[in-house]
Structures are given as C-alpha cells and as structure tokens.
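Okay, structure first, notes after.
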Amino acid sequence: MNREVVNFFLQHLQVERRLSPLTLRSYEIDLIQFLDFLALDSHQITQIKAQTIRLWLVELSNIGIQNRSINRKLATLRTFFKYLQRRGDVTDNPMQTIRMVKTSKSLPTYLRESEMEQVFAQQEIPKNTFEEVRDQLVLMLLYGTGMRLAELIQLSNQQLNLASKTLRVIGKRNKERIIPMPQLLVDLVKQYQSLNPFQSHSLLLTDKGEPCYPMFIQRLVKKYLGEVSTLEKLSPHVLRHSYATHLLNRGADLNAIKELLGHANLAATQVYTHNSMEKLKEIYKQAHPKA
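Right, here's the structure in full:
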C-alpha cells in the first residue's frame with residue numbers, strides 16, 4: 001500500500017510537474033528511505049503523525065546524514081504530504097509542525113581562473129578522436145554556459161543554433177532560457193559533430209553511442225579537474241559555480257548572471273557575491289601596506 005501511494009506521487013511529478021529524471025530519482029530515494037523506516041513498525045504512510053517523522057529525523061542524524069541532506073528529505077516529505085492532502089488521503093498534514101534543521105552556510109566551491117586556464121591549456125593539444133573532442137566539449141559546455149548537469153545530459157542537437165551562437169536550455173520546471181555560446185564553443189561543437197559516427201537525438205554520447213548519463217559526466221569532470229585542483233569535491237556543479245563567480249569577478253551584472261544560470265530569484269545568485277568579497281579581501285591583504 002505504501003509503495004503504491006509513492007508510485008502514484010512519482011507519476012504525478014513526472015507527468016504533471018514534468019520534473020527532470022535526476023530530480024525524480026532524488027524524490028524516490030528519499031521516499032524509499034522513509035518507507036523503510038515506517039516498515040519497521042508497520043506504519044501506513046497515510047496515517048502517520050508528526051512524532052513519527054521526528055523519530056526518523058533523529059535516526060538520520062544518528063547515522064551521520066548531514067543537516068543539508070536532512071532538509072532535502074524534509075522538503076520531499078512536505079511536497080508529498082501536500083499531494084496526499086489534495087487527494088484527500090490525509091486530513092491532517094503531519095509536516096505542518098515540522099521545521100527545517102539548522103545548517104551552516106557554505107560558499108559555492110569553484111576553481112580559480114588560473115586553474116581553469118590550466119584545464120583548457122591541456123585541452124588545446126590537437127584532438128583527433130570522437131572521444132577526445134567529446135570530453136573537451138563537455139568541459140566547455142559546463143564552464144562556458146554554466147548549465148546544470150541535468151540540463152547537459154538532456155541536451156539535443158536541435159537546441160543549438162550555431163548561426164546565432166546561442167544555446168536553448170530546458171531547466172527546472174521545464175523553464176527555457178537562451179545562453180550565448182563563445183566562438184570557441186561553436187567551433188568545438190562543429191568539430192564534434194563532424195567526428196560523431198553515431199545517429200542520435202542527444203548531443204553528448206558515450207563511446208558506444210548511447211546518451212551520456214550523470215555518472216559518466218561526473219567521472220569525466222573529476223578526471224580532468226583533478227589534474228589541476230586539490231579540491232575535495234570536483235563535480236560538474238563546481239564548473240557552474242566557477243562560471244558564475246568568474247563572470248561576477250569580471251564585472252557582469254548580477255541580474256544577468258541570474259538569467260544565465262536560470263535561477264528563480266536573485267537570492268540564489270547573490271551567494272556568489274560572497275566569493276567575490278573573499279577575493280577582494282585576499283587582494284587587500286596582499287597589496288595594502290596596513291593589511
């Protein structure tokens with residue numbers, strides 16, 4: 001019964017809200033973990049109380065789940081129980097009295113411009129194979145446009161307009177945005193397409209001609225960034241953070257960066273101003289005689 005209710009909810013997210021496969025997978029993982037906890041005492045998900053959710057939070061904390069991840073799971077439950085309430089499956093929403101747990105604010109992790117120059121200096125060595133150019137294109141798309149991983153793997157050939165040097169990205173909640181492409185990226189796409197031996201709707205393909213998947217891109221990015229950086233977390237999102245931070249450092253308007261990143265509100269973009277402030281502090285310490 002519990003799993004059936006969850007499946008209906010996931011279908012609702014996919015069909016009516018049109019969430020990305022990665023987001024759907026996150027919802028599914030969170031809810032399956034919650035179902036496993038409920039199964040210990042044979043609870044029905046439509047009959048639980050707030051106290052049961054609080055006990056689950058305690059268990060998550062005890063096994064070492066970070067507060068930020070716990071809050072994501074709470075957000076999943078909040079959406080889920082609102083759905084059940086609209087359907088009439090529950091009358092009292094148990095999430096109404098549950099509050100998010102406190103988290104420490106962390107600045108986005110990014111690579112310095114000099115490190116990104118090293119990444120692409122290595123890539124400037126002439127590439128002659130489909131695989132080599134594909135790897136180079138993945139890095140340039142992530143850093144040259146700031147797109148998300150989910151947006152990258154869903155990218156189709158039809159979304160690129162090489163004549164106008166623009167890229168149409170389908171972001172969260174199916175919201176579209178247009179991103180300009182630097183000439184270097186346009187040239188790289190043309191080279192990649194000329195070497196591509198496969199026929200596919202998807203732009204980025206694996207060595208076997210299948211659409212690239214998240215783990216494939218994550219391994220690729222980690223491999224190349226690991227050659228120039230000692231950061232603990234080297235993910236595709238680091239390139240997105242680097243894109244935004246470097247734009248801001250070079251004087252780009254915050255509202256323009258918001259539109260390029262596809263943020264719903266300016267607050268999400270303003271976090272990058274903290275990175276720029278840290279850079280100013282470093283410059284001050286190095287250059288000012290009284291620092």
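Just so it is clear: in the sequence shown, position 182 is 182 by UniProt numbering, and no numbers are missing. A virtual CB, placed ideally from N, CA and C, is assigned to each residue, including glycine. Keep in mind it's a predicted model, so treat the numbers as computed, not measured.
Among residues of its own chain, excluding the 5 on either side of residue i, which ones have a beta-carbon nearer than 8 Å to its beta-carbon?
{"i": "V271", "result": "L107 and P108"}
{"i": "N71", "result": "M100, V101 and T103"}
{"i": "Q159", "result": "L167, R168, V169, I170 and L203"}
{"i": "Q14", "result": "L24"}
{"i": "P94", "result": "I48, K49, A50, T52, I53 and F81"}
Determine the closest residue to residue i out of the options, with distance taken between C-alpha atoms.
{"i": "E4", "options": "R17, S20, R18 and I32", "result": "I32"}
{"i": "Y57", "options": "H241, I98 and I48", "result": "Contrary to the premise, residue 57 reads as Leu rather than Tyr in this sequence. The option with the nearest alpha carbon to L57 is I98."}
{"i": "T76", "options": "T269, G251, F9 and I178", "result": "F9"}
{"i": "D135", "options": "R86, Y192, K165 and R148", "result": "Y192"}
{"i": "N2", "options": "K222, T230, L84 and P197", "result": "L84"}
{"i": "T129", "options": "N265, Y243, P197 and F80", "result": "P197"}
{"i": "A39", "options": "E28, Y27 and T52", "result": "T52"}
{"i": "E117", "options": "P214, Y224 and C212", "result": "Y224"}
{"i": "Y213", "options": "L266, R148 and I178", "result": "R148"}
In its own chain, which residues sit with a C-beta less than 6 Å from the C-beta of residue i, not counting the 5 before and 5 after it?
{"i": "L22", "result": "A150"}
{"i": "T46", "result": "D89 and V90"}
{"i": "R68", "result": "T103"}
{"i": "Y243", "result": "Y143 and G146"}
{"i": "E227", "result": "none"}
{"i": "L205", "result": "F198"}
{"i": "A268", "result": "none"}
Inset, instruction - Tell me the start and end of each unbroken beta strand (DSSP E) in the segment 116 to 144 that is at least 3 residues and wholly inside, in chain order. - result: none
Inset, instruction - Taking only runs that begin and end inside the segment 137 to 218, name each unbroken alpha helix (DSSP H) of 4 or more residues, in chain order. - result: 149 to 153 and 183 to 195
Inset, instruction - Count the CB pairs spanning the segment 170 to 184 and the segment 2 to 21 that are closer than 8 Å, and state whether there are at least three. - result: yes
Inset, instruction - Report yes or no: do the segment 182 to 192 and the segment 138 to 146 share at least 3 C-beta pairs separated by less than 8 Å? - result: yes
Legend entry - Stretch pair the segment 210 to 221 + the segment 230 to 248: three plus CB contacts closer than 8 Å: yes
Inset, instruction - Only counting runs of 4 or more residues, tell me where the alpha helix (DSSP H) segments fall wholly within the UniProt domain "Core-binding (CB)" (1 to 85), in order along the chain. - result: Taking only runs of at least 4 residues, the alpha helix (DSSP H) segments lying wholly in the UniProt domain "Core-binding (CB)" (1 to 85) are 2 to 15, 21 to 39 and 50 to 62.
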